[in-house]
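Asks: This is the structure, below, for whatever I ask next.
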Amino acid sequence: MKVNLIKNSLSVSVLFALAGVTPVFAAEVSEENVVKLNTIVVTAEEQVKQSLGVSEITAEDLEKTPVVNDISEIVVRMPGVNLTANGSTGARGNQRQINIRGMGPENTLILVDGKPVNSRQSVRYGRGGDRDTRGDSNWVPADAIESIEVLRGPAAARYGSGAMGGVVNIITKKVTNDTHGSLEYFTNQPEDSKEGSSYRVGFNLSGPIINDVLGYRIYGNYNKTKADAVDLNSAADSVASGREGVENKDISARLAWNVTDNQTLTLDTSFGRQGNLYSGDSELMTDAEANATLAALLGSETNTMYRDSYALTHEGKWDWGTSKISAQYDQTKNKRLNEGLAGGSTGAINTTTDRSTSKLDTLRFNAEANIPFDFYIPQVLTVGAEYVDDDFTDPASTGQGDESILNNVGIYLPTDRSKMSSRIASAFIENNMKVTDSTDVVLGVRFDDQSKSGSNWSPSLNITQRLGEYFTLKGGIARAYKAPNMYQSAEGYIVNSAGNGCNINDKDIYGTNGCYIMGNGDLKPETSINKELGIQFQKDVVNASLTWFRNDYKDKIASGSTVYARLPTTCTPGVRGCPAEGATYTALYKWDNVPNALIQGLEGSVGLDWGDIRWTNNFTYMMDNKDKSTGNPLSIIPLYTINSIFGYDITDKLDTNFIFTQYGRQKPRQYNDSTGEDLTPEELKSYSISSINFGYKFTSNISGRIGVSNLFDKQLYREKAASGTSTASTYNQPGRAYFASLKYSF
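First residue of the sequence shown: 95, per our numbering; consecutive thereafter.
Encoded structure:
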């Protein structure tokens, strides 16, 4: 009988692989949907989520420590999490996104109900790794969220490309058996009138259409945050802009059909629109006040992102276990004013009227089967496969480069340079084994094959060992992976430098002639060996842990390290940098895999829960964060971070919460690795932020909350690095603000 069960399990995995589908990432598997056998009741995925590198934010947390607009504001209070720009140069510094364990926002995978969201991939990727994007953490309003899972290290590696740093899974509220709903209004008013104010209104509604057979859930949201004043940072003797504003419009609907007692079918649709309110920023921080084109745009909408998503999911319970199959289609339209692609105008808006639209279409098929069985020991086998098809068109970012010069050296660009694509086929298998009553082991391996970068194997091992009644030892090791993004691998995408920003090692050869940087179809995927080891203590009201983590980052993709061709150009004799004969050369670089990088640190937490009084604390200490080829950090993050949240339910109706965060000093890039630099680093000193709020339930249906953020008014002003310096003051920390909300629920 055991042999037949194993054969059936293998047959199921083969069928899913042939169907070209894979597991729905990080989807909830409730206890009643898992076939119980002996003492094992959880899947491999759920067991991995017990790792120390996993945190959860509940709907209650979101209500008692509310966010102004973006859920990144609360995710940043988890261990190992910071908010940073995409690169380490300071470009787009106020476009702060979730950065887990210093691996950078591009290595943080955002999920909504277990399904990846990749709209930011439709935004042009600059030669320094920057993108003019807010990221993908703001497509779901806070009031529509049931919980948020934050996975770091080996726990995140199982989710495939883009999860080397970690995973943030936003889980929306479920369909309810009875009619329930809510309507909420929220406002945030800064004390400094030069900082942008915010307000939002949202609703949720859920209930049955046919009792116990068909149900629905719908939510909607409107949010507007004004842009900072153009002269906000003038006190810092800087022309760097403040934070841009944003206007969000979101609506989502779900239908859940109980086909039988053991079969459910769910249809999800969502539509989102995010429009910026321009504050003057550009890739190279051009002074908006001195540039008539940029000055005319201040406060207006210069780029708009539209995201449509459709998903159909089937869940089944069978004699052999459970299954989940999903088909998903996402379309992102990124409509923005045209920007420069060469020299000092790179990333700066160059028109007030002409707009271009890039379009990203993503088709994804997923399936997963969880098969409990008893073969010497209780086990749950998880098998699955995935197919992801990305088609991308970006006419505005693919027009740079003199094709005749490239043709002279044997380089011929694609006929339609604006079209890019990526295909990834994957399969994985995991096994959660109950080795003893006190020992759980999860073994896994994932295989990914990408259309351009080739194949990759990602094995993993996670172990949980209980040590007596109160202590548990937890550890894991996994190989994580990220395929090149479509700009990096598209040979029709070219960025031109007029002199600065090229490889400093070639300065003596090419002088100030500038360089071309183009996509490379032969890139290898980035990989990282993620390790963590820690101990957890749980007794009565205390829950504490200490974890060491290390990520050995290999084959990082960067621009401009190897000269692929010498492009002949012409110049005027006698002009600086031009030889007497009037001919010179420009270096052609591509995106390349470069030497290794190292991330290493400690995370710790202490939680005390007396019921009405709760006090949670965590810290992160970064021991290493550097690119071994240059010595520069992968991203500008604090040396350490301490978060402390104290909550007290004063009465059944009144509660208060106090939040404190201490950031350690932040160091910028230390070494110049491109022409035009001779760096003298200026670090950002340690600082702290405190907030307090009070909530009150007026009736069983009406509640409100008021609070003060940045209680002691610690403001930071973004700075533009002066010539010959690099600075860690790459973002604005807004000062004291007052917020309030009113919510009606039924």
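Glycine included, every Cβ here is placed at the ideal spot set by N, Cα and C.
#1: Who are the Cβ neighbours of N282 in its own chain at under 6 Å, not counting the five residues just before and after it?
#2: Counting only runs of 3+ residues fully inside the segment 256 to 335, write out the beta strand (DSSP E) ranges in chain order.
#3: With DSSP run on the structure shown, which of helix, strand or coil describes K601?
#4: What's the C-alpha gap between D90 and Q694?
#5: By the DSSP assignment, the beta strand (DSSP E) with N193 in it spans what residues?
#6: With a CB to CB cut of under 7 Å and the five nearest residues on each side skipped, what residues in its chain are close to N579?
#7: On the criterion of 16 or more Cβ atoms from any shown chain inside 10 Å, does K633 qualify as buried, or is it exposed?
#8: Using a Cβ-Cβ cutoff of less than 6 Å, which residues in the same chain neighbour N180 once the five nearest sequence positions on both sides are dropped?
#9: Can you tell which of T558, V539, A347 has its C-alpha closest to the C-alpha of V477?
#10: Looking at the structure shown, is S494 part of a helix, part of a strand, or coil, going by DSSP?
#11: Compare the C-alpha of G184 against each of T380, N597, T137 and name the closest.
#12: What are the uninterrupted segments assigned as beta strand (DSSP E) that are 3 or more residues long and contained completely in the segment 612 to 695, given in chain order?
#13: Report buried or exposed for A816, applying the criterion of at least 16 other Cβ atoms within 10 angstroms of its Cβ.
#14: Can you list, in chain order, the residues of its chain whose CB lies under 6 Å from that of N315, leaving out five sequence neighbours each side?
#15: Which parts of the segment 447 to 483 are runs of the beta strand (DSSP E), unbroken and 3 residues or longer, counting only runs that do not cross its ends?
#16: Can you tell me where the beta strand (DSSP E) with V248 in it begins and where it stops?
#17: Less than 9 Å between the beta carbons of S655 and A577, yes or no?
#18: So what's Y765 in DSSP terms, helix, strand or just coil?
#19: So the candidates are D543, G698, D375, K808; which of them puts its Cα closest to the Cα of S439?
#20: Can you tell me the Cα-Cα spacing of A638 and G701, whole angstroms?
#21: How many whole angstroms separate the CB atoms of F541 and S549, which I take to be in contact at a CB cut-off of 8 Å?
#22: Report the three-state DSSP secondary structure of A834 (helix, strand or coil).
#23: Please list the terminal residues of the continuous beta strand (DSSP E) segment that includes A521.
#24: Measure the beta-carbon distance from P762 to I730 and round it to whole angstroms, keeping in mind my assumption that it falls under 8 Å.
#25: Tell me whether L748 is buried or exposed, calling it buried when 16 or more other Cβ atoms sit within 10 Å of its Cβ.
#26: Could you check what DSSP says for M717 in three-state terms: helix, strand or coil?
#27: Does the separation of the CB atoms of N690 and K625 fall below 9 Å?
#28: Take the Cβ of G259 as the centre, count every other Cβ of all protein chains shown within 10 Å, and call the residue buried at 16 or more, exposed below.
#29: Identify which residue in T714, G798, G613, K779 has its Cα closest to the Cα of K546.
#30: I'd like the span of the alpha helix (DSSP H) that includes M580, first residue to last.
#31: On the three-state DSSP scale, how would you describe D164?
#32: Looking only at C-alpha atoms, which of D616, G147, L177, S145 sits nearest to Q760?
#33: With a CB to CB cut of under 6 Å and the five nearest residues on each side skipped, what residues in its chain are close to E243?
#34: Are the CB atoms of T426 and T456 within a distance shorter than 9 Å?
#35: Using a 10 Å radius around the Cβ and a threshold of 16 neighbouring Cβ atoms, would you call S782 buried or exposed?
#36: Between the alpha carbons of E289 and E341, how many angstroms are there, rounded?
Replies: To lay it out plainly:
#1: V162, S292, A831, F833
#2: 260 to 266, 274 to 284, 292 to 304, 308 to 319
#3: helix
#4: Outside the displayed range of the chain (95 to 840) lies residue 90, so it cannot be described from this structure.
#5: 191 to 194
#6: Q215, Y219
#7: exposed
#8: P199, G223, D224, R225
#9: V539
#10: Looking at the sequence shown, residue 494 is not Ser but Gln. Three-state DSSP puts Q494 in coil, outside helix and strand.
#11: T380
#12: 620 to 633, 636 to 648, 650 to 664, 677 to 688
#13: exposed
#14: P235, G296, D344
#15: 449 to 469
#16: In the sequence as presented, Val is not what sits at residue 248; that position holds Pro. That residue, P248, is in no beta strand (DSSP E); its alpha helix (DSSP H) goes 248 to 251.
#17: no
#18: coil
#19: D375
#20: 6 Å
#21: 7 Å
#22: strand
#23: 513 to 530
#24: 6 Å
#25: exposed
#26: strand
#27: no
#28: buried
#29: G613
#30: 580 to 583
#31: coil
#32: L177
#33: E150, N263
#34: yes
#35: exposed
#36: 16 Å
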